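Q:
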Amino acid sequence: MTGFRPKLIKLFRFFFPLLTFLAFWELLVDIKLLNPKLFPTPSNIALTLYNLTISNQLLLIYLYRSFYRLVLGYGLGALLGISVGILMGINKYFYRLASPILSLLISVPTIAWVPLFLITVGIGDETIILAIFLGCFFAIVYNTMNGIRSVNKELIWASQMMGANKTTIFSKVLLPGASVSIITGLRLAVGYSWRALVGAEMLASVSGGIGYMVYTARAFNAVNIMFAGLVIIAIGGLLTDRLVLGALERKTIEKWGMIKKRE
Amino acid sequence: MKGSRIKLKAVNVTKIFNDGKRKVTALENFNLEVKENEFTVIVGPTGCGKSTFLYIVAGFEKPTKGEILLDGRPVTKPGPDRGFVFQEPTLYPWRTVLGNVTFGLEIMGMGKEKAREKAMHLIKMVGLKGFENAYPHTLSGGMKQRVGIARALAYDPEILLMDEPFGALDAQTRKVMQQELMRIWEKTKKTVIFVTHSVIEAAYLADTIVVMTARPGKVKGIINVNLPRPRSYTDKEYLSIREKVLSLLEEEVIKSLELQRRL
Chain A
622 MTGFRPKLIK LFRFFFPLLT FLAFWELLVD IKLLNPKLFP TPSNIALTLY
672 NLTISNQLLL IYLYRSFYRL VLGYGLGALL GISVGILMGI NKYFYRLASP
722 ILSLLISVPT IAWVPLFLIT VGIGDETIIL AIFLGCFFAI VYNTMNGIRS
772 VNKELIWASQ MMGANKTTIF SKVLLPGASV SIITGLRLAV GYSWRALVGA
822 EMLASVSGGI GYMVYTARAF NAVNIMFAGL VIIAIGGLLT DRLVLGALER
872 KTIEKWGMIK KRE
Chain B
103 MKGSRIKLKA VNVTKIFNDG KRKVTALENF NLEVKENEFT VIVGPTGCGK
153 STFLYIVAGF EKPTKGEILL DGRPVTKPGP DRGFVFQEPT LYPWRTVLGN
203 VTFGLEIMGM GKEKAREKAM HLIKMVGLKG FENAYPHTLS GGMKQRVGIA
253 RALAYDPEIL LMDEPFGALD AQTRKVMQQE LMRIWEKTKK TVIFVTHSVI
303 EAAYLADTIV VMTARPGKVK GIINVNLPRP RSYTDKEYLS IREKVLSLLE
353 EEVIKSLELQ RRL
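As you go down the protein sequences, you meet chains A and B in turn. Residue numbers for the first sequence follow the working numbering, beginning at 622 and rising by one. Residue numbers for the second sequence follow the working numbering, beginning at 103 and rising by one.
The structure is reproduced here in structure tokens:
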């Protein structure tokens with residue numbers, strides 16, 4: 622039994638609870654146990670999604686805007702986050718300097734920064750990208766640093782025994798040794814960056830986006846559009862996590878047996 | 103063949119651990135001479151500092167007083183003139199069996215093909231032919247230690263240091279590994295320092311058995327084993343060696359138990 626059938630079972634296991642939930646929802650609205658004005662049926666939401674995509678293509682444009690901000694903010698966060706995390710992991714002076722600051726800032730919800738950015742950076746893309754950047758930066762720094770610092774001492778000793786210099790130890794022992802933690806950080810950051818994106822778009826967008834769509838729909842009482850937006854946000858978060866980082870995980874730490882295989 | 107040349111010399115090695123609260127003298131004026139091409143086994147009660155001694159020879163720890171001379175030169179830090187096999191298999195999970203064994207050769211700057219050839223020879227010698235492309239997490243404990251031995255031999259160190267390498271294995275595997283180690287050693291005739299708390303193991307492997315006292319660790323007695331190899335675990339002379347070691351150890355084990363109780 623290889624290939625097709627296990628994959629089918631996996632898909633079924635994922636979609637069965639979901640479809641049951643949606644069917645229940647549809648039923649509860651149909652028999653008026655849920656107010657249709659507040660809770661559009663799943664079929665209505667699907668129709669809205671269809672209209673938004675095909676008829677006026679607004680959703681596609683908005684998705685593109687959001688995705689553009691997400692990629693920039695996340696990319697920047699990953700790049701700088703991993704770099705700072707590595708520095709903190711290998712240099713004890715830098716660690717002592719940055720660690721207290723990190724512990725304080727990591728607990729500030731990203732969205733709390735946005736009003737400040739609105740004044741300093743101004744309304745628009747820059748503020749949203751900055752919010753996404755901050756949303757992922759701290760998680761990535763923290764996990765990278767922890768990963769480097771917790772590499773088994775004996776793995777380092779073994780390489781020193783073989784004559785490895787600092788550069789070799791860093792690239793061939795510390796970095797791969799920290800990979801589980803780094804990937805965990807990157808994964809967490811995907812979730813955080815979606816949250817930051819949607820939140821910041823609600824407060825600071827002037828040119829559309831998924832969060833902007835959900836927020837402005839409020840003005841027209843368009844509950845179905847709000848729900849359509851929520852669906853897109855949920856699916857977007859899931860897909861970026863599973864497709865991008867899931868693949869990276871399978872090719873590295875899962876193959877190396879450093880984490881258990883996902884069911 | 104068996105020269106009386108001294109390969110390694112420990113001169114008045116003293117190690118005091120001081121964590122600010124307590125001072126523990128692990129080794130006190132420990133003196134030892136290890137002859138070239140000889141298999142030296144250090145036995146001692148738990149906590150007698152035998153592993154600490156090996157760590158000092160490896161360069162992982164610095165002695166508080168005294169020095170280690172390898173071919174007359176003082177040891178200051180880890181380096182490829184020594185090979186180390188750890189108590190727990192310390193393999194790089196992101197490298198295959200072959201990748202682990204070639205790591206030291208890579209660091210030396212040996213060409214890929216040549217390194218591969220040399221590593222394959224060693225992998226074959228430790229009985230892992232066919233597993234060269236396996237990742238460590240797929241191997242059993244005994245197999246992992248075989249890789250550890252091959253890796254430590256790959257870059258052809260002057261002396262091989264083994265820190266209770268079979269301590270974590272089940273009794274049956276342990277016996278097999280002892281026999282295997284003897285087979286490998288007969289082929290390479292490396293100078294070996296092997297640390298264990300098992301008298302059975304010591305008498306089976308050693309040319310020279312060094313019995314240590316309870317903490318602070320000193321040399322209690324030295325027993326030369328002039329038995330032909332492969333030895334039998336039931337041979338009368340082998341058993342009398344075991345008795346000799348045991349009687350030396352007995353007093354020290356009781357002392358070490360008392361030390362532990364006082365902690």
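Heads up, the beta-carbon is just placed ideally off N, CA and C, and yes, glycines get one too. Bear in mind the structure is a predicted one, so any value in this text is a computation, not a measurement.
Go through its chain and collect everything with a Cβ distance to B:Leu172's Cβ below 6 Å, but skip five positions before and after it.
A: Hits under 6 Å: Leu110.
Q: Using DSSP bridges, identify the partner residues of B:Ala112.
A: B:Leu134 and B:Ile170, per the DSSP bridge assignment.
Q: Note down, in chain order, all residues in the stretch 778-792 of chain A with a beta-carbon under 9 Å from any beta-carbon belonging to chain B.
A: Cβ contacts with chain B come from Trp778, Ala779, Ser780, Gln781, Met782, Met783, Gly784, Ala785, Asn786 and Thr789.
Q: Compare the beta carbon distance of A:Ile749 and A:Ser800 with 8 Å and say whether it is the shorter of the two.
A: Going by C-beta atoms, A:Ile749 is not nearer than 8 Å to A:Ser800.
Q: Check each residue of the stretch 180-193 of chain B: if its Cβ is closer than 8 Å to any Cβ of chain A, include it; give the result in chain order.
A: Per Cβ criterion, the list reads Pro180, Gly181, Pro182, Arg184, Gly185, Phe186, Phe188, Glu190 and Thr192.
Q: Can you give me the C-alpha to C-alpha distance between B:Arg366 and B:Leu263, rounded to a whole angstrom?
A: In the structure displayed, chain B extends from 103 to 365; residue 366 of chain B sits before or after that span and is not available.
Q: Could you check what DSSP says for B:Lys346 in three-state terms: helix, strand or coil?
A: In this structure, B:Lys346 counts as helix in the three-state DSSP scheme.
Q: Give me the chain A residues within the contact set of B:Met210, using Cβ-Cβ distance strictly less than 9 Å, ordered along the chain.
A: Correct list: Met783 and Gly784.
Q: If you measure between the beta carbons of A:Ile769 and A:Leu795, is that distance less than 8 Å?
A: Against a cut-off of 8 Å, the Cβ pair of A:Leu795 and A:Ile769 comes out as a contact.
Q: Just verifying my parser: in three-state terms, what is the DSSP assignment at B:Arg184?
A: In the structure shown, B:Arg184 sits in a strand (DSSP, three-state: E or B).
Q: Here's the rule I'm using: 16 or more other beta-carbon atoms within 10 Å means buried, otherwise exposed. How should A:Pro627 be labelled?
A: That one is exposed.
Q: How about A:Ile831 and A:Val819: do their beta carbons lie closer than 8 Å?
A: Contact: yes.
Q: Roughly how many angstroms lie between the CA atoms of A:Phe841 and B:Tyr237, to the nearest whole one?
A: Those two C-alpha atoms are separated by around 59 Å.
Q: Exposed or buried, what is A:Ala868 when buried is set at 16 or more other beta-carbons lying within 10 Å of its beta-carbon?
A: A:Ala868 should be labelled exposed.
Q: Identify the contact partners of A:Gly768 in chain B, using a Cβ-Cβ distance below 9 Å as the criterion.
A: Per Cβ cutoff of 9 Å: no residues; A:Gly768 is ~13 Å from chain B at best.
Q: Flag this pair as yes or no: are the beta carbons of B:Pro259 and B:Pro182 separated by less than 8 Å?
A: Cβ distance < 8 Å, so B:Pro259 and B:Pro182 count as in contact.
Q: With B:Phe141 as the anchor, note down where its beta strand (DSSP E) starts and where it stops.
A: Note, B:Phe141: beta strand (DSSP E), Phe141 to Val145.
Q: Using a Cβ cut-off of 8 Å (strictly closer), state whether A:Lys872 contacts chain B.
A: Not closer than 8 Å to any Cβ of chain B, the Cβ of A:Lys872 fails to qualify, so no.
Q: If you measure beta-carbon to beta-carbon, which residues of the stretch 227-254 of chain B are closer than 9 Å to chain A?
A: Listed by position, the residues of the stretch 227-254 of chain B near chain A (Cβ gap below 9 Å) are Tyr237, Pro238, His239, Thr240, Gly250, Arg253 and Ala254.
Q: Around the C-beta of B:Lys246, are 16 or more other C-beta atoms found within 10 angstroms, so that it is buried, or is it exposed?
A: Buried: at least 16 other Cβ atoms inside 10 Å.
Q: Contact criterion: CB-CB distance below 8 Å. Does B:Glu162 meet it with respect to chain A?
A: Note that residue 162 of chain B corresponds to Phe in the displayed sequence, not to Glu. Judged by the 8 Å Cβ criterion, B:Phe162 is in contact with chain A.
Q: Kindly list the residues whose CB is nearer than 7 Å to the CB of A:Arg686, restricted to its own chain and excluding five residues on each side of it in sequence; keep chain order.
A: Result list for A:Arg686: Ser828, Gly829 and Gly830, in chain order.
Q: If you draw a straight line from the C-alpha of B:Thr310 to the C-alpha of A:Arg717, how long is it?
A: Distance between the alpha carbons of B:Thr310 and A:Arg717: 49 Å.
Q: Is the Cβ of A:Leu795 closer than 8 Å to any Cβ of chain B?
A: No, its Cβ sits nowhere closer than 8 Å to a Cβ of chain B.
Q: Taking Cβ positions only, does A:Lys876 come closer than 8 Å to chain B?
A: Answer yes: the Cβ-Cβ gap between A:Lys876 and chain B drops below 8 Å somewhere.
Q: When we look at the beta-carbon of A:Gly710 and count the other beta-carbons within 10 Å, is it buried (16 or more) or exposed?
A: Counting Cβ neighbours within 10 Å, A:Gly710 comes out buried, since at least 16 surround it.
Q: Decide if B:Ser153 is buried, meaning its Cβ has at least 16 other Cβ atoms within 10 Å, or exposed.
A: B:Ser153 should be labelled buried.
Q: From which residue to which residue does the alpha helix (DSSP H) around A:Asn665 run?
A: Taken as a continuous stretch (DSSP letters only), the alpha helix (DSSP H) holding A:Asn665 covers Pro663 to Tyr671.
Q: With a threshold of 8 Å, are at least 3 pairs of Cβ atoms found where one atom belongs to the stretch 268-281 of chain B and the other to the stretch 857-875 of chain A?
A: Short answer: they don't touch.
Q: Taking the alpha carbon of B:Thr142 as the point to measure from, which residue in B:Phe296, B:Gly319, B:Ile158 and B:Tyr306 has its own alpha carbon closest?
A: Minimum Cα distance to B:Thr142 is reached at B:Phe296.
Q: Write down the C-beta distance between B:Ile170 and B:Val136 rounded to the nearest angstrom, noting that I regard them as a contact closer than 8 Å.
A: Actually they do not touch by this definition, with Cβ atoms about 10 Å apart.
Q: What would DSSP say about A:Gly798, mapped onto helix, strand or coil?
A: A:Gly798 falls in the helix class under three-state DSSP.
Q: What span of residues does the beta strand (DSSP E) with A:Val692 cover, start to end?
A: Unbroken run through A:Val692 is the alpha helix (DSSP H), Leu679 to Ile711; no beta strand (DSSP E).
Q: Going by alpha carbons, who is nearest to B:Glu140 out of B:Ser342, B:Leu348, B:Leu307 and B:Thr336?
A: Per the Cα distances, B:Leu307.
Q: Which chain B residues are close to A:Leu776, counting only those with a beta carbon under 7 Å from its beta carbon?
A: What A:Leu776 touches in chain B: Thr192 and Tyr194.
Q: So, does the stretch 848-858 of chain A touch the stretch 875-882 of chain A, judging by three or more C-beta pairs under 8 Å?
A: The stretch 848-858 of chain A vs the stretch 875-882 of chain A: no contact.
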